[in-house]
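Undergrad: Mind having a look at this structure? Questions to follow.
Chains as they are written, first to last, in full-length UniProt numbering: chain A, 1 to 241; chain B, 1 to 241.
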C-alpha cells in the first residue's frame, strides 16, 4: 500500500515522528504537501473528504482510511511494519510511552509560545523566558529521567522489551529536538541521559534512518518548528544543571 | 475482573475520564487512592512494581497489567465493555478524537498554569490572564467547533458512528469542565455548540452516569483540579463572543 502523509511544509514538527517510522520501515509513501503545497491539507480540515475528520496535521491516508493524531498514526502503522511487538500488552505500553512523548513535545512547543499559538514569538518573549526556565529546570529532567528509567527497566537499549520499536524512533527525535533547542541544558543533563543518548546514536545508524537523515527529505530544524533554538531560552553557556 | 484505578484524591482531573467509563460500564473497580490516600500512588511512580512504568496518574491495574495515559486506558477498557464499536477503523477514530480531547484538556489546564506546574496560580496570574484570553477567543471556538462538526458528520448524536462510546462520555466531561471554568464564554458559544450540549444532556441522563453524578463518588469541580473557575480568567459577564 502506498501511504499519503499530510503535514505542513517547511518544518519537521509532529509529522517527523511519522516520517521516521515510514522511513525506517522502508514504506512506500508520498509526502503530499511537499509535492503540492500546504493547500493540499485544507480540504481535509474542512471536512470535504469522507471518514475521520482531522483537527490538524499530521494525518495519514491508508487506502480509504484517514488517521490523525501522531501517536495514533504510529499505533496504526507499527504492527503493519514490525515496529512494535505483536502482544497487546506491548502495544498498549508503546502507546502509553508515545502519548507521554506527545506531552513533552507539546511542552517543548509552549516554551516559545506560552501565551498563544496565534501570536508571534516576539509578542510573548518575556513569558517564554519564564516558561522555558521552568521547562529546563523541572520538566526536562523529569521527562528525560522518566524515559531513562523506562530503558533501564527493559534491556537498557529499547523502550519496549528487547526489540526496536517506533517508540525508540520517537525518543531519537525527542532527543534530537531537545539537543537542537536546548544544547546547554542537554549538556548539563548528559550524565543523567546515558541510555537515551546511546539509543539515539543507534537509531541514527540504522541504515534506513541514516540514509533518510542524509537526504533532502530530512528538513533541517528551524525556528518555525516545534523545537526552536532561541539562545535566550536555553541555559547560559557556563551554567550546569 | 476488578480494576484498580489510581488517581490523586480531591480532584476530578484526568482520572475523571476513566471513572466515567468505568461507571457507565458498571465495571467493578476500586478507586485506590481514595481508600488509602495519595501515598498508594507513589510506589508505582518509583517503579517498585513490575510492568509498565507510569509517568503520572491516572493509571489502571487490570490483573497483572498496568496501563497509564488517559486516552490509552480508555482504549484498553472500551472494547471490553462495549464502549466503542468493534471495527478497527472505529477504534482508531475513537483514539484520534480522545487524543484531541487530551490536547484541549491540557490547554485548559495551562490557562491557570501557563508558566510552571510547580508554582501556584497566584505566582502566574498575569500570564494566566493572557493565556486564558487566547484560549477563550481562539482555542475554545476552534476545538468545540471541531467536535461539533465531528457530531454532524455522524448521526448528529454520537462521536463515533451511531453508537454510544467512551468519546461521548469524555465530550460530556469536557463540556462540563468548560462550563464550570468558563461559564460566560460558554454562554457566548451556545449557538455554536448545540449538538455538544444535547450530547452532554443525554450522557448525564444515562442511568449509571446519573447515579454516579448524584453519588459522593463524583468529586465536585474545585480550584485544585484541571478545570478551575477563576472569574478573572473568564469573559466579562456582558461580553459575548
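We put the CB at the ideal spot given by N, CA and C, even for glycine.
Values in this document were obtained by computation on a predicted structure and should not be read as measured data.
Please compile the residues from chain A whose C-beta is within a distance smaller than 7 Å of the C-beta of residue 14/B.
TA: Translated into positions along the second chain, residue 14/B becomes position 14. In chain order: nothing, as chain A lies at least about 11 Å away.
Undergrad: When we look at the beta-carbon of residue 36/B and count the other beta-carbons within 10 Å, is it buried (16 or more) or exposed?
TA: Position 36 of the second chain, counted from the start, is the residue given in the question as residue 36/B. Under this definition residue 36/B is an exposed residue.
Undergrad: If you draw a straight line from the alpha carbon of residue 309/A to that of residue 75/A, how long is it in whole angstroms?
TA: Absent from the model: residue 309/A. The displayed extent of chain A is 1 to 241, so no value can be given.
Undergrad: Under a CB-based cut-off of 8 Å, is residue 69/B close to chain A?
TA: For the purposes of this step, residue 69/B is taken as the residue at position 69 of the second chain. Yes, contact with chain A.
Undergrad: Does DSSP put residue 44/A in a helix, in a strand, or in coil?
TA: Here residue 44/A refers to the residue found at position 44 of the first chain. Three-state result, residue 44/A: helix.
Undergrad: Note down, in chain order, every chain A residue with its Cβ under 8 Å from the Cβ of residue 150/B.
TA: Locating residue 150/B in the second chain gives position 150, where the first residue counts as 1. Per Cβ cutoff of 8 Å: 53.
Undergrad: Note down the Cα distance separating residue 2/B from residue 46/A, rounded to an integer number of angstroms.
TA: Mapped onto the second chain, residue 2/B falls at position 2. Mapped onto the first chain, residue 46/A falls at position 46. Whole-angstrom Cα-Cα distance: 43 Å.
Undergrad: Under a three-way DSSP split, which group does residue 230/A fall into?
TA: Taking the first chain and counting its residues from 1, the one referred to as residue 230/A is at position 230. The answer is coil: DSSP assigns residue 230/A none of H, G, I, E or B.
Undergrad: Nearest to residue 228/B by alpha carbon, out of 92/B, 106/B, 72/B, 65/B?
TA: As a working mapping, residue 228/B is identified with position 228 in the second chain. For residue 228/B, the nearest C-alpha among the options comes from 106/B.
Undergrad: If the cut is a Cβ gap below 8 Å, which residues of chain A does residue 170/B touch?
TA: Here residue 170/B corresponds to residue number 170 of the second chain, with the count starting at 1. Correct list: empty, because the minimum Cβ distance to chain A is about 14 Å.
Undergrad: At 7 Å on the CB atoms, spell out the chain A contacts of residue 93/B, in chain order.
TA: The residue you call residue 93/B lines up with position 93 of the second chain. The contacting residues are 52.
Undergrad: Give me the residue from 201/B, 7/B, 148/B, 181/B with the minimum Cα distance to residue 235/B.
TA: One-based indexing of the second chain puts residue 235/B at position 235. The residue with the shortest Cα to Cα distance from residue 235/B is 181/B.
Undergrad: Which stretch, first to last residue, makes up the alpha helix (DSSP H) that contains residue 212/A?
TA: Counting from 1 along the first chain, the entry for residue 212/A is found at position 212. Element bounds for residue 212/A: 207 to 213.
Undergrad: For residue 118/B, return the contacting residues in chain A, with the cut-off set at a CB-CB distance below 8 Å.
TA: In the second chain, counting from the first residue as 1, residue 118/B sits at position 118. Those within 8 Å of residue 118/B in chain A are 134, 138.
Undergrad: Does residue 118/B pass the burial test, meaning 16 or more other C-beta atoms within 10 Å, or should it be called exposed?
TA: Numbered from its first residue, the second chain carries residue 118/B at position 118. Exposed: under 16 other Cβ atoms inside 10 Å.
Undergrad: Straight-line CA distance for residue 20/A to residue 103/A?
TA: Position 20 of the first chain, counted from the start, is the residue given in the question as residue 20/A. Position 103 of the first chain, counted from the start, is the residue given in the question as residue 103/A. Roughly 19 Å between the two C-alpha positions.
Undergrad: With distances taken Cα to Cα, identify the nearest neighbour of residue 208/A among 11/A, 201/A, 22/A, 9/A.
TA: What you label residue 208/A is simply residue 208 of the first chain in a count that begins at 1. Out of 11/A, 201/A, 22/A, 9/A, 22/A has the C-alpha closest to the C-alpha of residue 208/A.
Undergrad: Return the chain-ordered list of same chain residues with a C-beta closer than 6 Å to the C-beta of residue 77/A, the five sequence neighbours on each side being excluded.
TA: Here residue 77/A is taken as the residue at index 77 of the first chain, counted from 1. Closer than 6 Å at Cβ, skipping near neighbours: 21.
Undergrad: Residues in the segment 180 to 197 of chain B with C-beta within 7 Å of chain A's C-beta atoms, listed in sequence order?
TA: Residues passing the 7 Å Cβ filter: none.
Undergrad: Enumerated in chain order, which unbroken segments of the beta strand (DSSP E) with a length of 3 residues or greater are wholly contained in the UniProt domain "GST C-terminal" (87 to 233) of chain A?
TA: Whole beta strand (DSSP E) segments, 3+ residues: zero.
Undergrad: Can you find the residues in the same chain that come closer than 7 Å, C-beta to C-beta, to residue 168/A, ignoring five residues on each side of it along the sequence?
TA: Reading the first chain from its first residue, position 168 is the one you call residue 168/A. Only 158, 159, 199, 203 meet the Cβ criterion.
Undergrad: Taking 8 Å as the threshold (C-beta atoms), are residue 68/B and residue 55/B in contact?
TA: Looking up residue 55/B in the second chain gives position 55. Looking up residue 68/B in the second chain gives position 68. In this structure, residue 68/B lies closer than 8 Å to residue 55/B by Cβ.
Undergrad: My output table needs one value for residue 66/A: the three-state DSSP class, helix, strand or coil.
TA: The residue labelled residue 66/A in the question sits at position 66 within the first chain. Of the three classes helix, strand and coil, the one that applies to residue 66/A here is strand, per DSSP.
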